[in-house]
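First to last, the protein sequences are chains A and B.
Residues 35 to 140 (my numbering) make up the first sequence, in order.
Residues 35 to 140 (my numbering) make up the second sequence, in order.
Even glycine gets a Cβ: it sits at the ideal position worked out from N, Cα and C.
Small disclaimer: the values here were computed from a predicted structure and weren't measured.
Number of protein chains: 2
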Amino acid sequence: MSSTQMLKGIIDGCILAIIHEKEVYGYELAEKLEQYGFDSFSEGTIYPLLIRMQKEELVSSTLKKSTAGPKRKYYTLTQKGEDELQQFIARWEKLQSNVNLCLRKQ
Amino acid sequence: MSSTQMLKGIIDGCILAIIHEKEVYGYELAEKLEQYGFDSFSEGTIYPLLIRMQKEELVSSTLKKSTAGPKRKYYTLTQKGEDELQQFIARWEKLQSNVNLCLRKQ
DNA sequence: ATCTATATCTTGCATTACAAGATACCAAAT
DNA sequence: ATTTGGTATCTTGTAATGCAAGATATAGAT
Numbered sequence: 035m036s037s038t039q040m041l042k043g044i045i046d047g048c049i050l051a052i053i054h055e056k057e058v059y060g061y062e063l064a065e066k067l068e069q070y071g072f073d074s075f076s077e078g079t080i081y082p083l084l085i086r087m088q089k090e091e092l093v094s095s096t097l098k099k100s101t102a103g104p105k106r107k108y109y110t111l112t113q114k115g116e117d118e119l120q121q122f123i124a125r126w127e128k129l130q131s132n133v134n135l136c137l138r139k140q
Numbered sequence: 035m036s037s038t039q040m041l042k043g044i045i046d047g048c049i050l051a052i053i054h055e056k057e058v059y060g061y062e063l064a065e066k067l068e069q070y071g072f073d074s075f076s077e078g079t080i081y082p083l084l085i086r087m088q089k090e091e092l093v094s095s096t097l098k099k100s101t102a103g104p105k106r107k108y109y110t111l112t113q114k115g116e117d118e119l120q121q122f123i124a125r126w127e128k129l130q131s132n133v134n135l136c137l138r139k140q
C-alpha cells in the first residue's frame, strides 16, 4: 500500500480548491501542491487530470504569454466546477470523520 | 469524480484498524464499515482485499464454525500488519493536514 | 423439501496516479 | 549564431484497486 494510492480522487478536489482561490497554470499547480506538503507531483499526473476536468466542464482555460518560456494555459473554475468543489468538501469531511472513527477505536 | 474513488488505499488502513481492535471475519467487517459511515460496502471489495493482505502477510486467518451459516474466516493482524497500521496512521495524518491546507485557503 | 439469512470467492471492468519520454518556447551566456 | 538551462505542455503505457455481478455453500426455520 503506497502513499500515492491514498490520493485517488482526492487530488481532484485539492486542485479545484487551488484554482478556486486564483487562476493557475499546470506547472504552477504542481509547485503549489508540493508547497502544501504533497511530495513530488508528476506532470504526468497533473496534465491529464486538467484535461479530464476540462472535458467534464469543471474548468476552462485560456492561453497567456510568458516572459520565461512557452505560453501558459491558465485554468479557472466553471460554475459546475464550483459546485463540484462544494460537493468534494462535503465528501472529504465525511471521509475524515469515518476514517477517524475507525482509527480512534483502536 | 465519484465518492468511492476517494477510498483508494484508505480502506486498507481502516480494515487494519478494525482488525487490530478485535479479530473479525469478512462479512462482519463489511457491516462494521457501514456502521462507521462508509456506505454500502461490497463483498467484491472486502474479500479480494483480505486475500491480498494475507498474501502480503499483514493478516492471518483461522476458520471457525458458525451457528448461523458456513464457517467464518477470522482475521488477526500479524506484527507486520501492526507496523503497517502505524505507518498508515502517519500517512493519513499527513494527508489530512495537506488536504485541509488546500481547502482552507479558499 | 424449500426458503431465508449468512458467508466466501471469482471474473471482468473502469478509474486513475504515475513514470518516462517527447515536444517546444524563451532568455541569457558563450 | 549557437548552445544551454529553465519553463511549460502533452502522450503513451503500466499498475493498482474499488466494485458490480454472479457463483457457491452452509445452517436453521417453515
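{"Query": "Segment limits, beta strand (DSSP E) that includes threonine 110 of chain B", "Result": "106-111"}
{"Query": "Span of the alpha helix (DSSP H), counted from its first residue to its last, around lysine 98 of chain A", "Result": "Where lysine 98 of chain A is concerned, there is no enclosing alpha helix (DSSP H), although the beta strand (DSSP E) it sits in stretches over 93-98."}
{"Query": "Classification of glutamate 65 of chain A by the beta-carbon crowding that lies within 10 angstroms, buried from 16 upward", "Result": "exposed"}
{"Query": "Cβ shell of leucine 51 of chain A (< 7 Å), same chain only, five flanking positions each side left out", "Result": "A quick correction: the sequence has alanine, not leucine, at residue 51 of chain A. Same-chain partners within the cutoff: Leu119."}
{"Query": "For tyrosine 70 of chain B, three-class secondary structure by DSSP", "Result": "coil"}
{"Query": "Outcome for glycine 103 of chain B when other beta-carbon atoms lying within 10 angstroms are tallied against a minimum of 16", "Result": "exposed"}
{"Query": "Contacts that glutamine 130 of chain A makes with chain B (C-beta to C-beta distance below 7 Å)", "Result": "Gln130"}
{"Query": "Partner residues on chain B for leucine 135 of chain A, Cβ-Cβ distance less than 8 Å", "Result": "Tyr70, Gly71"}
{"Query": "N- and C-terminal bounds of the alpha helix (DSSP H) containing threonine 79 of chain B", "Result": "77-89"}
{"Query": "Boundaries (first-last residue) of the alpha helix (DSSP H) holding isoleucine 163 of chain B", "Result": "Beyond the ends of chain B as shown, which are 35 and 140, falls residue 163 of chain B; an answer cannot be given."}
{"Query": "Chain B residues whose Cβ lies nearer than 8 Å to that of isoleucine 123 of chain A", "Result": "Leu137"}
{"Query": "Same chain, Cβ closer than 6 Å to tyrosine 108 of chain A, five either side skipped, listed in chain order", "Result": "Glu57, Tyr59, Thr96, Lys98"}
{"Query": "Glutamine 81 of chain B versus B/Gly71, B/Glu90, B/Leu63, residue with shortest Cα-Cα distance", "Result": "According to the sequence displayed, residue 81 of chain B carries tyrosine and not glutamine. Out of B/Gly71, B/Glu90, B/Leu63, B/Leu63 has the C-alpha closest to the C-alpha of tyrosine 81 of chain B."}
{"Query": "Distance CB(glutamate 91 of chain A)-CB(lysine 105 of chain A) smaller than 7 Å", "Result": "no"}
{"Query": "Distance between beta carbons of leucine 83 of chain A and aspartate 46 of chain A, contact taken as under 8 Å", "Result": "7 Å"}
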